[in-house]
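Peer 1:
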Amino acid sequence: MSNKDVSQTTEEKIRSDRKKRERSRTIRSIIIWVVVFALIASGVYLYNFYKANIRLPWQHVAAIQASPEMTAKVELRQYSVTVDISGSVKAYETQEVKFRSSGRITSVLVDEGDRVSKGQLLATMDDSNIKYSIQSTKDDMEAARIDGNASQLKLLQMKLDSQNETLENTKVYANFDGVVTSVGVVENDYFEAGSSAITIIDDSKLKATVEIDEIDMRNIKQGMIANVSSDSVPGETLTARISYIPMVGRYTNSGIGVMDVQIVFDDFPKEFRPGFSFEGVINVEEPLSMLLVPQNAVNTTRGQSTVQKKLADGSIETVTIKAKYLGEGFYQVLTGDLADGDTVIVQTSNDYYGMMSGGMMVPAEMGMSSPDEMR
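Take any residue in the sequence shown, note its place counting from 1, add 1, and you have its number in the numbering used here.
1. Return the chain-ordered list of same chain residues with a C-beta closer than 6 Å to the C-beta of Asp178, the five sequence neighbours on each side being excluded.
2. Let's see if you can read the secondary structure: which residues bound the alpha helix (DSSP H) around Ala144?
3. What is the residue span of the beta strand (DSSP E) that Ala340 lies within?
4. Look up Val211 in the DSSP assignment and say whether it is helix, strand or coil.
5. Ala324: buried (16+ other C-beta within 10 angstroms of its C-beta) or exposed?
6. Would DSSP call Gln121 helix, strand or coil?
7. Using 7 Å as the threshold, is the C-beta distance between Asp1 and Lys310 below it?
8. Between the C-alpha atoms of Glu374 and Glu318, what's the straight-line distance to the nearest angstrom?
9. With three or more C-beta pairs closer than 8 Å as the rule, is the stretch 107-117 touching the stretch 163-182?
10. Note down, one range per segment and in chain order, each beta strand (DSSP E) of at least 3 residues found wholly within the stretch 158-227.
11. Give every residue of the same chain whose Cβ lies closer than 6 Å to the Cβ of Gln66, excluding the five residues on either side of it in the sequence, and list them in chain order.
12. Report the rounded CA-to-CA distance for Asp232 versus Ala241, giving the unit in angstroms.
13. Over what stretch of residues does the beta strand (DSSP E) that includes Thr238 continue unbroken?
14. Output the boundary residues of the beta strand (DSSP E) element that contains Gln263.
15. Going by beta-carbon coordinates alone, are Glu76 and Leu293 separated by less than 7 Å?
16. Once you ignore the five residues that flank Asn351 on each side, which residues in its own chain have a CB closer than 7 Å to its CB?
Laid out in structure tokens, this is it:
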């Protein structure tokens, strides 16, 4: 190959390499510009999107003020911790009067509805046979004394004591002051021992057993007050007290542990009678006053919470608060320059506009649920 051919080949290679480098630089430049334009376009898009949706931090408050204004009232509400109860009442005491001997009824001294006093004789049974036996035993005892038979006399005394007890069993008495609710015996009828002859109740008080689950029992103490209502006395609130808490609970078919707690009604209207139903609550804590604001009125940034308070002249003041979230869309205000009746601005979002009657917000005014309702 001549020198001329070699020279031409070398020049062609140099030109080819130069073109490749230039083409590579052009491609890199195009890629860089495409990336730059893509970033710019994305930035513009995100900026417009965030601006349209009030998402830029430095425009947040201004956007709220510029949007259709929605406000809520700060409200002071009473909060009580309560335990729901229900059941039916029964007489404070019930006596099923029974004869412990069998025999013919000789007298019935009360009727259904009669008032009786403690110790009052209610009915008697034929006692002629046992009286005869008692007299016979007394005669035997006298003979034993004459004979000086001390051991026989002792045995006869034991027999007489038993017979006197049997004689006493031919009479039945009221164990407490109360009212007769049923009479199941008639004079001259034969009566079997152990059957209920007469029923007496102490209706000076009423009691009920209410079921309280194991979670609520930690708050329950003897002497606590329950406020209940009954269909038998519409519109009235009845008061009961916890009189007895058992030592042991029980396991239900629902898979929870419960206590059968007894409550007593010391004072009640006459229309509220044994067997009637009731429902109500046990107040386990004194009512607490809580200052509440809606969740969407509270802005929290870096651990600091603020609200926008609307003043009387229409201006807006940023108020720093300490607040505790209670659930159900409410905060409790712990500290901060807020008072009952103050107006606060709430954030407006598509979701929040949807919270009407089922939620809690309407333009300009807000209906708030009390903590009792939130439970």
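In this text, a Cβ means the ideal position worked out from N, Cα and C, and glycines have one as well.
Predicted, not measured: the structure shown is a model, and the values here were computed from it.
Peer 2: In short:
1. If you number the sequence shown from 1, residue 178 lands on position 177. Result list for Asp178: Ser118, Lys119, in chain order.
2. Within the sequence shown, the letter at position 143 stands for residue 144. Run containing Ala144: 129-148, per the alpha helix (DSSP H) assignment.
3. Translated into the one-based positions of the sequence shown, residue 340 becomes position 339. Note, Ala340: premise wrong, no beta strand (DSSP E); not H, not E.
4. Here residue 211 refers to the residue found at position 210 when the sequence shown is read from its first residue. DSSP places Val211 in the strand class (E or B) of the three-state scheme.
5. Taking the first residue of the sequence shown as position 1, residue 324 is located at position 323. By the C-beta density criterion, Ala324 is buried, having at least 16 other C-beta atoms within 10 angstroms.
6. Along the sequence shown, one-based indexing puts residue 121 at 120. Three-state result, Gln121: coil.
7. Outside the modelled stretch of the chain, which goes from 2 to 376, sits residue 1, for which no answer is possible.
8. If you number the sequence shown from 1, residue 374 lands on position 373. If you number the sequence shown from 1, residue 318 lands on position 317. Reliability of the predicted coordinates at Glu374 is poor, the pLDDT of 40 falling under 50, and the value obtained from them is presented with this limitation in mind. Glu374 and Glu318: Cα-Cα distance of roughly 31 Å.
9. Two segments are said to touch when three or more pairs of C-beta atoms, one from each, lie closer than 8 Å; by this definition the stretch 163-182 touches the stretch 107-117.
10. Every unbroken stretch of the beta strand (DSSP E) spanning 3 or more residues and falling wholly within the stretch 158-227 is given here in chain order: 172-174, 179-184, 197-214.
11. Here residue 66 corresponds to residue number 65 of the sequence shown, with the count starting at 1. Reliability fails at Gln66, whose pLDDT of 47 lies under 50, so the model's placement of it is uncertain and no value is given.
12. If you number the sequence shown from 1, residue 232 lands on position 231. If you number the sequence shown from 1, residue 241 lands on position 240. Roughly 16 Å between the two C-alpha positions.
13. Locating residue 238 in the sequence shown gives position 237, where the first residue counts as 1. Boundaries for Thr238: no beta strand (DSSP E) harbours it, and the DSSP string shows neither H nor E there.
14. Numbered from its first residue, the sequence shown carries residue 263 at position 262. For Gln263, the enclosing beta strand (DSSP E) has its first and last residue at 258-266.
15. Position 75 of the sequence shown, counted from the start, is the residue given in the question as residue 76. Position 292 of the sequence shown, counted from the start, is the residue given in the question as residue 293. For the 7 Å CB-CB criterion, Glu76 and Leu293 form a contact.
16. Stepping through the sequence shown from its first residue, residue 351 is reached at position 350. With a pLDDT of only 44 at Asn351, under the threshold of 50, the placement of this residue in the model should not be trusted; the figure read from the coordinates follows. Cβ within range, chain order: n/a, list empty.
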